[in-house]
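For the first sequence, position 463 matches number 465 in my numbering, and the numbering has no gaps at all. Here a beta-carbon is modelled for each residue, glycine too, at the ideal position from N, C-alpha and C.
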Amino acid sequence: MRHSPRKLAAFVDADRRKTLEAKTRYDAGEVETRIFASWMDAGYFHPDPEGAPEDNYSIAVPPPNVTGSLHMGHALNGTIQDAMARKRRMEGRRVKWILGTDHAGIATQSVVEKKLRTEEGTSRTDLGREAFVERVWEWRETYGARIIEQFKALGASLDYSDERFTLDDGYVKAVYRVFKQLFEKGYIYRDNYMVNWDPGSHSAISDLEVENREVTDTLYSIDYPVEGSDRVLTVATVRPETMLADTAVAVNPDDARYRDLVGGHCELPLVGRRLPIIADPYVDPEFGTGALKITPGHDPNDFDLGRKHGLEEISAIGPDGRIIDPAPERFVGMEAAAAQEAVVAELRDLGLISAEEAYTHSVPFSHRSGERIEPLISLQWFCAMDELAKPAIDVVRDDRVRIHPDRWKKVYLDWMEGIRPWCVSRQLWWGHQLPVWYCDACEETYVAESEPESCGACGGELRRDPDVLDTWFSSALWPFATLGWPDDTPELRAFYPTDLLSTARDIIYLWVARMIMSGLEFAGDVPFHDVYIHSVIQAPDGRRMSKSLGTGIDPLDEISEHGADALRFGLLAMSSSQDVRFSQAKVEQGRDLANKLWNASRLILLNAGDAEPAPAGERVEDRWILSRLERATETIGDCLDGYDFSHAALELYRFVWSELCDWYLEIVKPRLYEDDDAAAANLLHVLERTLALAHPIMPFVSEEIWSYLPDREAQLVVSAFPAADPERVDEAAEEEIGAAIELTRSLRRWRELADVAPGKVLSGRAGADPAPHPLVGALARFEFAAEGDTGSEAIATVGPIEILPSDELDPDAVEARLEERREKLRSEVERGERKLANDGFVAKAPAEVVEEERAKLAAYRAELEELSG
RNA sequence: GGGCGCGUAGCUCAGUGGGAGAGCGUCCGCCUCACACGCGGAAGGUCGCUGGUUCGAAACCAGCCGCGCCCACCA
3 MRHSPRKLAA FVDADRRKTL EAKTRYDAGE VETRIFASWM DAGYFHPDPE GAPEDNYSIA
63 VPPPNVTGSL HMGHALNGTI QDAMARKRRM EGRRVKWILG TDHAGIATQS VVEKKLRTEE
123 GTSRTDLGRE AFVERVWEWR ETYGARIIEQ FKALGASLDY SDERFTLDDG YVKAVYRVFK
183 QLFEKGYIYR DNYMVNWDPG SHSAISDLEV ENREVTDTLY SIDYPVEGSD RVLTVATVRP
243 ETMLADTAVA VNPDDARYRD LVGGHCELPL VGRRLPIIAD PYVDPEFGTG ALKITPGHDP
303 NDFDLGRKHG LEEISAIGPD GRIIDPAPER FVGMEAAAAQ EAVVAELRDL GLISAEEAYT
363 HSVPFSHRSG ERIEPLISLQ WFCAMDELAK PAIDVVRDDR VRIHPDRWKK VYLDWMEGIR
423 PWCVSRQLWW GHQLPVWYCD ACEETYVAES EPESCGACGG ELRRDPDVLD TWFSSALWPF
483 ATLGWPDDTP ELRAFYPTDL LSTARDIIYL WVARMIMSGL EFAGDVPFHD VYIHSVIQAP
543 DGRRMSKSLG TGIDPLDEIS EHGADALRFG LLAMSSSQDV RFSQAKVEQG RDLANKLWNA
603 SRLILLNAGD AEPAPAGERV EDRWILSRLE RATETIGDCL DGYDFSHAAL ELYRFVWSEL
663 CDWYLEIVKP RLYEDDDAAA ANLLHVLERT LALAHPIMPF VSEEIWSYLP DREAQLVVSA
723 FPAADPERVD EAAEEEIGAA IELTRSLRRW RELADVAPGK VLSGRAGADP APHPLVGALA
783 RFEFAAEGDT GSEAIATVGP IEILPSDELD PDAVEARLEE RREKLRSEVE RGERKLANDG
843 FVAKAPAEVV EEERAKLAAY RAELEELSG
């Protein structure tokens with residue numbers, strides 16, 4: 003800096019001044035670790051549990067899996083929640099952002115099993131249950147905290163001093179209490195029912211953990227001989243091996259082809275079983291032959307049909323995917339795929355396969371293991387959902403729980419209204435083992451929160467159910483179990499219901515819906531007032547971001563390269579709709595903004611002298627920036643409150659970059675150099691407010707700069723977020739400076755087009771009315787002729803300014819510039835005339851619009867007149 | 001089969017009834033004493049297609065085309 007420095011600012015000591023002078027670039031890496039440590043040391047993120055919920059603010063973080071590490075979705079959601087938590091904290095609420103992790107049953111068990119297999123060549127069955135679970139706990143101790151450290155790198159203001167885990171003692175207590183109460187209400191029951199069997203994890207899974215994929219199979223047509231006739235019923239199937247468990251053939255009751263056969267029987271080839279021929283409207287007579295083989299043991303639809311018609315349920319395929327006993331002995335023990343080949347071969351030999359064709363259809367696969375689901379009948383625990391769903395539907399319907407964006411409300415309601423029983427038992431070892439004991443002697447069942455001594459009925463020995471609960475059963479209790487429920491804790495009283503749940507759309511059913519149901523049933527209130535469904539960040543090419551596709555981008559790489567503030571800004575700025583592509587450019591924009599703030603602050607702080615921050619509207623430009631700051635304050639505050647994060651971020655950028663730096667700093671700089679205290683005070687005030695506005699989005703850089711400001715009572719993280727105050731808008735100042743900015747732009751453009759050499763000053767004469775603002779001269783590098791100079795003829799006008807002839811102007815360039823302007827004016831005049839000649843427009847458009855159009859036309863005509871004359 | 005989202009400048013996206021915008025990229029000019037992660041200027045778009053409503057449509061309505069996602073029991 004070449005201008006002579008002012009006296010040392012009272013609030014910047016010599017060392018810090020050197021830092022400011024030396025660092026022309028903001029160094030995020032150095033700042034972020036230091037600042038985060040200062041927040042942690044001060045304990046700002048742990049609120050005492052005081053007061054009523056409405057005075058507090060709480061968010062329960064969607065608990066990451068202990069297998070997890072931070073991915074882009076976590077980074078976005080973490081940023082969103084943190085922005086809200088920080089804003090509310092700055093508004094004076096006691097903010098608790100509840101931290102914890104999820105044991106993630108199948109996912110974690112799979113990871114540890116894989117580790118055992120690859121590193122030790124052993125398996126969970128080798129170890130046995132107790133030892134295996136011990137190993138999973140060890141694994142969790144080693145790797146479970148990784149993602150929490152990563153949240154810190156992002157700047158997340160979670161309550162790190164109070165971390166929960168879904169398998170902690172207190173949490174387990176909550177899970178057992180809920181299970182027992184649901185059992186006692188009769189909602190939880192045990193039943194032999196069709197389930198989605200996942201051969202990969204050797205467990206039943208819920209409907210929601212199934213994903214359908216398009217698969218091309220062979221569709222076999224098989225002839226079943228009709229008893230007492232030489233006719234056959236031809237049925238079609240992509241899984242011929244399931245015929246071994248067929249117990250009927252169904253046709254449509256209105257199907258004339260088969261009406262006479264209904265009530266009769268046909269013979270199941272290879273097995274010899276007599277199959278009743280039944281009629282049901284479910285059968286589509288248009289599809290295939292109109293005859294449908296019914297396999298209640300291995301097809302969900304057939305299962306329903308079977309129960310409806312009281313058909314026999316036969317299982318021919320076991321949980322290990324092999325053919326089992328009731329099937330003919332020669333098939334028993336075969337893998338299903340091998341059995342399929344064998345069955346087809348035998349049928350072919352018998353001449354019973356009448357057609358084979360390729361058939362593409364959707365097939366269920368396990369979301370977790372990726373293996374094809376084997377539908378089979380199994381003895382499992384279920385939870386009836388209808389009664390639980392009713393109040394959960396009501397609270398969303400009447401907005402006691404608001405879902406944003408609101409289109410997800412319909413998605414939620416549609417699903418809830420068609421809700422089906424939930425299979426809650428899993429044949430795993432890692433999780434909450436069912437609190438269920440059986441007496442083998444008298445077949446009594448006990449559900450209890452702690453293990454009963456012996457059978458109350460016969461005194462016999464009890465055997466605990468080996469299954470564990472679906473991981474989502476415990477997740478469903480997250481907002482209150484983390485606060486100490488079922489005990490009546492101060493935390494529960496202070497922070498339940500929570501305020502916000504921010505999450506991804508793919509777990510609206512799995513998690514959000516179940517939390518609402520369980521919150522209402524057990525904690526006596528909604529679990530949260532607002533649900534925000536955030537964007538899904540796709541890879542830059544529009545594909546899914548995933549490790550296996552190689553399309554993943556690691557948020558930690560972005561943080562180490564550009565800073566957490568940059569990533570936070572970028573993610574918020576890009577997250578405008580349901581799906582958005584990751585934009586490296588937005589992250590860089592965030593990095594640039596942090597740097598811009600840093601450098602603007604250097605300019606201000608190094609030249610502010612002893613000034614104290616104060617909104618000193620001494621000159622019109624000072625009042626202008628205060629007014630513009632007020633607009634930004636309103637917009638950013640409203641956007642954040644309305645969960646419109648991309649506009650909040652982009653508005654911050656626009657205000658800081660365009661208005662504060664490009665215009666106000668350039669305007670006020672000369673005064674700053676001349677030790678103008680009013681200018682310095684105003685700048686400090688604007689800077690202070692701007693940092694506070696930025697803090698929820700970019701907490702690190704704002705906190706760092708804040709530390710250089712005078713008279714701070716506290717760190718920014720616990721200082722006030724600016725409240726909007728429409729009184730601070732100054733329309734007159736906005737108009738005056740707005741006009742000066744427009745004029746400056748026109749002059750700069752004119753210079754450029756008229757080919758005025760850089761560094762040369764253009765000169766001209768100011769018209770009297772309206773007089774150009776004095777600032778224009780400096781901003782546009784334009785020199786106004788002396789008062790008395792009326793001698794030369796103007797060669798052009800730019801607004802109220804007459805350009806005078808000068809050696810600096812290339813005459814050809816000037817003429818080209820003038821002709822371009824005339825051309826523009828002619829088209830504008832033509833457009834205005836055409837519009838005003840339209841009677842419909844003049845008659846029906848609002849008077850103001852018509853008047854505006856007339857005024858514009860008049861102005862364009864006048865300028866054209868002048869330039870042509 | 002039903003539903004949702006998206007289709008606007010080379011790229012990523014704003015813009016919900018009155019003259020097409022931003023960031024990045026490109027081109028021109030600048031190391032101007034906060035910042036080259038910078039400053040000034042410019043070029044660049046029949047707003048997916050076809051109809052309709054309206055004085056006026058990128059925006060509202062209908063239909064189509066394309067991309068993505070969700071739900072659904074047609075063997």
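Element boundaries [alpha helix (DSSP H), containing residue i]
i      : result
Ala391 : Asp388 to Arg399
Gly172 : Asp171 to Glu186
Val800 : Note, Val800: premise wrong, no alpha helix (DSSP H); beta strand (DSSP E) at Ala798 to Val800.
Tyr862 : Ala849 to Ser870
Val135 : Arg131 to Tyr145
Cys641 : Val622 to Asp643
His406 : Run containing His406: none in the alpha helix (DSSP H); it sits in the beta strand (DSSP E), Arg404 to His406.
Rounded Cβ spacing between residue i and residue j (contact assumed at less than 8 Å)
i      : j      : result
Ser368 : Glu243 : About 20 Å separates the two Cβ atoms, so there is no contact after all.
Ala206 : Gln382 : 5 Å
Ser585 : Ser648 : Actually they do not touch by this definition, with Cβ atoms about 11 Å apart.
Lys98  : Pro49  : 5 Å
Ala536 : Pro615 : Checking the displayed sequence, the identity of residue 536 turns out to be His instead of Ala. Going by Cβ atoms, the distance from His536 to Pro615 rounds to 36 Å, so no, they are not a contact pair.
Ser476 : Tyr173 : 7 Å
Thr500 : Pro529 : 6 Å
Trp665 : Leu595 : Not really, about 16 Å apart at Cβ, beyond 8 Å.
Separation of residue j from residue i, as counted between CA atoms
i      : j      : result
Lys837 : Ala845 : 12 Å
Ala696 : Tyr414 : 34 Å
Gly592 : Val703 : 11 Å
Asn79  : Glu835 : 53 Å
Phe786 : Gly779 : 7 Å
Asp200 : Ala459 : 37 Å
His105 : Arg166 : 11 Å
Gly312 : Ala158 : 57 Å
Glu623 : Leu685 : 11 Å
Lys671 : Asp43  : 38 Å
Leu693 : Ile707 : 8 Å
Met86  : Leu642 : 7 Å
Pro617 : Leu628 : 7 Å
Glu463 : Gly320 : 29 Å
Ile638 : Arg142 : 41 Å
Leu654 : Arg370 : 41 Å
Ala39  : Asp57  : 27 Å
Own chain, CB closer than 8 Å to residue i, minus 5 neighbours either side, in chain order
i      : result
Glu229 : Gly266, His267, Cys268, Glu269 and Arg276
Pro255 : Arg261, Val264, Ala281, Asp282 and Pro283
Pro330 : Leu246, Leu272 and Val273
Neighbourhood of residue i by C-beta, 6 Å cutoff - its chain only, sequence neighbours within 5 removed
i      : result
Ala386 : Tyr189 and Pro423
Glu560 : Leu569 and Val589
Arg625 : Gly619, Asp732 and Ala735
Leu859 : Gly834
Thr746 : Val778, Leu781 and Ala782
Start and end residues, beta strand (DSSP E) containing residue i
i      : result
Lys295 : Ala293 to Ile296
Trp383 : Glu376 to Cys385
Ala768 : Leu764 to Ala768
Val449 : Thr447 to Val449
Thr103 : Arg96 to Thr103
Thr236 : Val234 to Thr239
Asn214 : Val212 to Pro227
Distance cut-off 7 Å: residue i Cβ against heavy atoms of the ligand NAD
i      : result
Trp708 : With respect to the ligand NAD, the structure offers nothing, as it holds no ligand at all.
Own chain residues within Cβ distance below 7 Å of residue i, not counting five before or after
i      : result
His5   : The predicted model places His5 with a pLDDT of 44, which falls under 50 and marks its position as unreliable; any figure quoted below should be read in that light. The answer, listed in chain order, is Tyr675.
Ile316 : Ala247, Thr249, Gly299 and Pro328
> In chain order, which continuous runs of the beta strand (DSSP E) of length 3 or greater are located wholly inside the region 473–518?
Replying inline: 500–505
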